[in-house]
Amino acid sequence: MVKFLPLKQAVAENLNDGDTVAFEGFTHLIPTAAAHEAIRQGFRDLTLIRMTPDLIYDQMIGMGMARKIIFSYVGNPGVGLLRRARDAIENGFPRSIEIEEHSHAGMANAYEAGAAGLPCAVFRGYRGAGLAAVNPNIKSVTCPFTGEVLAAVPSIRPDVTFIHAQKADRKGNVLVEGIIGIQKEAVLAARRAVVTVEEVVDNFDDLHPNLTVLPRWTIAAISVVPGGSHPSYAHGYYARDNAAYLEWDEIAADREKFQAWMQANVIEKSAGDFAARVEHLRKAA
Amino acid sequence: MSELGFTSNEMMTIAASRALRNDDVCFVGIGAPSAACNVARLTHAPDITLIYESGTIGTAPDVLPLSIGDGELCETAVTTVAVPEMFRYWLQGGRISIGFLGAAQLDKFGNINTTVIGDYFHPKTRLPGGGGAPEIATSSKQIYITMAQTKRGMVEKIDFFTSFGHGEGGDHRKRLGIDTAGPTLLITDLAIWKPDPVTKEFTVVSLHPGVTRQQVQESCGWVVRFAEALDETPAPSELELKTLRDLQARTRAAHEGTGKEKAA
């Protein structure tokens with residue numbers, strides 16, 4: 001049953017060295033605060049899953065926490081490349097990492113299959129694409145009814161998924177709205193799920209009945225972290241800090257600059273520092 | 001800015017916008033395609049359905065999004081669906097008329113590489129990868145591509161097939177069981193290209209105003225074929241230019257704004 005915990009404790013109780021972990025958020029609702037807490041606690045040998053590993057995986061890879069990444073777009077959305085991830089892939093710095101690369105359709109289907117309790121996902125994909133030749137986890141199956149050859153990939157079943165969401169009610173049910181991305185599937189596919197939220201409200205009685213709500217019994221722990229998605233955004237609370245994404249490109253370009261930034265902005269900070277980072281973005285939301 | 005009163009990039013975006021129709025359902029790639037699609041919406045195609053892979057269907061942003069998931073895409077959309085639904089029901093389901101893609105590397109058959117420069121396992125440069133493109137390229141009814149010409153970008157042989165165009169040309173798509181049309185249009189900063197009906201090699205059909213055949217060849221890594229009857233792309237109209245420049249000015253202001261107010 002869900003527990004409301006300080007983020008430090010929620011991360012410590014649910015993440016372990018060597019885990020396969022997804023910190024999901026499709027541009028929106030990226031669980032930055034949870035990722036930073038994981039960085040402070042210094043986990044090692046993680047397999048990081050994410051459709052769009054952006055700044056937080058660049059940071060975790062740069063800090064040497066990842067053994068492997070499973071992804072479909074390893075870029076800084078709208079800006080360019082992820083320079084710490086590149087350094088790891090191209091130069092093995094600070095350690096070499098294994099990569100398993102898919103398309104968005106492949107990852108989305110694999111998460112959905114994980115949520116559905118299936119061993120694999122079947123879809124019409126990767127036709128003519130080079131990924132099928134370099135990723136042994138992209139295979140094919142023949143439709144037993146039509147004979148069509150379809151792509152098959154293993155389902156995604158993380159040990160633990162972290163997401164950010166707008167709000168929880170007092171019982172621990174969680175609401176996600178706006179660009180809902182893959183949040184629901186990533187939670188339901190995982191063995192354990194930890195959710196950071198902007199706020200807790202008394203109840204969800206006045207909400208539209210079809211909104212995306214994750215029942216409390218699908219979640220292990222909830223931590224209240226206002227601004228916890230920054231520099232990503234929380235629809236209805238604060239806007240995306242596009243300038244921070246642009247700045248990251250420079251910070252991550254240099255190994256020492258990166259380390260200094262991580263020390264000052266992650267290692268020496270806490271979850272409580274996020275609220276102030278989104279103050280200037282609230283009126284724009 | 002040339003003496004023509006517009007830049008080659010503005011010509012590219014505007015020429016690309018003209019290819020879109022009011023009844024198109026367009027899956028929009030970020031960057032150059034996004035600008036073209038929104039200029040179309042703000043000029044001749046007000047009812048065009050623009051779809052970004054974050055799940056926003058029928059979106060009408062006031063500024064160009066930096067990412068495919070900026071909040072304004074959702075706020076102005078007809079509906080926003082989950083990412084698996086986006087790829088399964090809407091793209092794989094055959095509901096997209098145009099997939100509009102950019103490219104880091106492109107070959108003459110419309111195959112695109114945005115994955116690596118060099119060997120996949122020991123890359124010289126690791127690029128972001130395909131994202132939605134591998135399936136956009138095969139599930140959309142047709143594909144438009146837009147990119148600025150350079151010899152590094154337009155190459156005889158791409159390093160990696162991120163998304164499949166016409167493969168080795170001819171009926172290669174059909175041989176792989178792909179029944180969509182694939183790349184049917186390429187808009188660069190210098191010209192408009194269409195695939196040869198038989199070989200599927202991109203052929204220049206229209207030069208932008210003031211552009212020479214030599215310029216097109218000098219910035220392209222393969223031997224360029226030109227159509228016998230070569231057109232000249234109509235110059236941007238005042239409305240098109242104003243629409244594009246206003247959109248870019250709003251976009252710049254919006255993206256810079258968030259950082260400047262930041263507390264010290």
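Note that the protein sequences, when read in sequence, are chains A and B. UniProt numbering applies: residue 1 is where the first sequence begins, and numbers increase by one. UniProt numbering applies: residue 1 is where the second sequence begins, and numbers increase by one. In this text, a Cβ means the ideal position worked out from N, Cα and C, and glycines have one as well. Please read all numbers here as calculations on a predicted model, not as lab measurements.
Within 8 Å, strictly: CB atoms of residue i and residue j
i             : j         : result
His-104/A     : Met-60/A  : no
Gln-166/A     : Val-176/A : yes
Leu-127/B     : Thr-114/B : yes
Val-213/A     : Val-174/A : yes
Ala-35/A      : Ile-56/A  : yes
residue 320/B : Ser-67/B  : With chain B covering only 1 through 264, there is no way to say anything about residue 320/B.
Gln-214/B     : Phe-123/A : no
Asp-107/B     : Lys-157/B : yes
Ile-187/B     : Ala-19/B  : yes
Phe-274/A     : Gly-227/A : yes
Pro-134/B     : Ser-163/B : yes
Thr-79/B      : Ala-60/B  : no
Opposing strand residues paired with residue i [DSSP bridges]
i         : result
His-164/A : Thr-196/A
Met-154/B : Leu-106/B
Ala-191/B : Leu-207/B
Thr-20/A  : Thr-47/A
Ile-57/B  : Ile-51/B and Thr-79/B
Thr-146/B : Ile-187/B
Cys-120/A : Pro-154/A
Close beta carbons around residue i, own chain, < 6 Å, minus the five adjacent residues each side
i         : result
Pro-195/B : Phe-202
Ala-12/A  : none
Pro-65/B  : Leu-73
Arg-41/B  : Ile-48
Gly-172/A : Val-2, Arg-216 and Ile-222
Gly-165/B : Phe-109, Gly-110, Asn-111, Gly-182 and Pro-183
Met-154/B : Leu-106, Cys-220 and Gly-221
Gly-18/A  : Asp-45
Ala-249/B : none
Own chain residues within Cβ distance below 7 Å of residue i, not counting five before or after
i         : result
Leu-118/A : Ser-155
Ala-227/B : Thr-203, Val-204 and Val-205
Ala-66/A  : Leu-46, Leu-48, Met-60 and Ile-97
Asn-265/A : none
Asp-241/A : His-230, Pro-231 and Leu-281
Gly-99/B  : Phe-27, Ile-136, Ala-137, Ser-140 and Ile-143
Val-197/A : Ala-165, Gln-166, Lys-167, Ala-168, Val-174, Ile-222 and Val-224
Gly-169/B : Phe-109, Thr-199, Lys-200 and Glu-201
Cut-off 8 Å between Cβ atoms - residues of its own chain near residue i, not counting five sequence neighbours on either side
i         : result
Gly-118/B : Lys-124, Thr-125 and Asp-159
Thr-43/B  : Ser-17, Leu-239, Glu-240 and Thr-243
Can we say the stretch 161-171 of chain A touches the stretch 24-32 of chain A, given the rule of at least three CB pairs closer than 8 Å? yes
Using 8 Å as the threshold, is the stretch 238-254 of chain B in touch with the stretch 47-60 of chain B, meaning 3 or more CB pairs across them? no
The stretch 205-212 of chain B / the stretch 171-178 of chain B touching (three or more Cβ pairs under 8 Å): no
Members of the stretch 89-104 of chain A near chain B, C-beta cut-off 7 Å: Ile-89, Glu-90, Glu-101, Ser-103 and His-104
Which residues, taken in chain order from the stretch 190-216 of chain A, show a beta carbon closer than 7 Å to some beta carbon of chain B? none
Does the contact criterion of 3 or more C-beta pairs under 8 Å hold for the stretch 140-148 of chain A versus the stretch 26-43 of chain B? no
What residues in the stretch 236-253 of chain A bring their beta carbon closer than 8 Å to a beta carbon of chain B? Ala-239, Arg-240, Asp-241, Asn-242, Ala-243, Ala-244, Tyr-245, Leu-246 and Glu-247
Contacting positions in the stretch 113-131 of chain A - beta carbon closer than 8 Å to chain B: Phe-123, Arg-124, Gly-125, Tyr-126, Arg-127, Gly-128, Ala-129, Gly-130 and Leu-131
Looking at chain B, which residues of the stretch 7-39 of chain A have a Cβ within less than 8 Å of any of its Cβ atoms? Phe-26, Thr-27 and His-28
Quick one: which residues of the stretch 168-179 of chain B get their C-beta closer than 9 Å to a C-beta of chain A? List them in chain order. His-172, Arg-173, Leu-176, Gly-177 and Ile-178
When you check each C-beta in the stretch 80-101 of chain B against every C-beta of chain A, which residues fall closer than 9 Å? Thr-80, Val-81, Ala-82, Val-83, Pro-84, Glu-85, Met-86, Phe-87, Arg-88, Leu-91 and Gln-92
Residues of the stretch 210-234 of chain B with Cβ closer than 9 Å to any Cβ of chain A, in chain order: none
Where the stretch 139-168 of chain B meets chain A: residues whose CB sits under 8 Å from a CB there: Ser-139, Phe-160, Phe-161, Thr-162, Ser-163, Phe-164 and Gly-167
Chain-ordered residues of the stretch 44-69 of chain B with a beta carbon less than 8 Å from chain A: Glu-53, Ser-54, Gly-55, Thr-56, Pro-65, Leu-66, Ser-67, Ile-68 and Gly-69
If contact means a Cβ-Cβ distance below 7 Å, which residues of the stretch 8-31 of chain B contact chain A? Ile-30
Output needed in chain order: residues of the stretch 65-86 of chain A with a Cβ under 9 Å from some Cβ in chain B. Phe-71, Ser-72, Tyr-73, Val-74, Gly-75, Asn-76, Pro-77, Gly-78, Val-79, Gly-80, Leu-81, Leu-82, Ala-85 and Arg-86
Contact list for the stretch 255-270 of chain A against chain B, Cβ threshold 7 Å: none
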